Amino acid sequence: MKDILYLGWNLLVINSFVKQLACVGQKTFSINEYRIDEKNGKVIENKTGKTFLLKDVIKKTDENITLCPQTIFSDCEAWLNISRHEYVILTNLTLYHNATNLMYPFGKYYVKKIMTLLVTLSTTQMSAH
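In terms of the working numbering, the sequence shown opens at residue -9 and continues consecutively.
Structure (structure tokens):
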């Protein structure tokens, strides 16, 4: 545990971890292939009209723009989509997977959407037996 000062606030850091992320679905457009809608926070592909979030821009030059619409942990072996009824998150934030009786410690699973959870299948699984 460590006290840090951030924007005038004293904060107590209890636990932290660092994960390297990987970009999924990276897109690069040249200057005439997109337009930016600042008001709505969107990048619009001219050819298809498909929109991306302005917050997904990872690089912008005079010639092109690069977007990263999704990031995942780069150290996982695989992802498994599971529904909300297939797991329980315990008070210590460990995830218990009903079908396999396996537990995943906090930091080894990733909540992507409200009802979908992606779990890393790594060697840090714990048996619930």
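Quick reminder that beta carbons are idealized off the backbone N, C-alpha and C, glycines included.
None of the values given here were measured: they were computed from a predicted structure.
If we define contact as Cβ-Cβ less than 8 Å, is residue i a contact residue for chain C?
i, result
"Thr90", "This model lacks chain C altogether; it includes just one protein chain."
Label residue i either buried or exposed according to how many other C-beta atoms from any shown protein chain fall within 10 Å of its C-beta, with 16 as the threshold for buried.
i, result
"Lys87", "Here the sequence assigns His to residue 87, which means Lys is not the residue at that position. With 16 or more Cβ atoms within 10 Å of its Cβ, His87 is classed as buried."
"Ile72", "buried"
"Asp27", "exposed"
"Leu85", "buried"
"His98", "First, the residue type needs correcting, since residue 98 is Lys and not His in the sequence shown. It counts as buried."
Excluding sequence positions up to five away, which residues of its chain have a Cβ less than 7 Å from the Cβ of residue i?
i, result
"Leu83", "Phe96"
"Glu53", "Ser20, Ile21"
"Ala89", "Glu76"
My understanding is that residue i touches residue j, with C-beta atoms under 8 Å, so please give their C-beta distance in whole angstroms.
i, j, result
"Thr56", "Gln16", "7 Å"
"Lys32", "Leu44", "6 Å"
Return the CA-CA distance between residue i and residue j, expressed in angstroms with no decimal places.
i, j, result
"Leu150", "Ile62", "The first residue shown for the chain is -9 and the last is 119, placing residue 150 beyond what the model contains."
"Val47", "Thr38", "18 Å"
Which residues in the same chain as residue i place their Cβ atom closer than 6 Å to its Cβ, once the five residues preceding and following it in sequence are excluded?
i, result
"Thr114", "At Thr114, the pLDDT of 47 sits below 50, so the modelled position is not reliable and the matter cannot be decided from this model."
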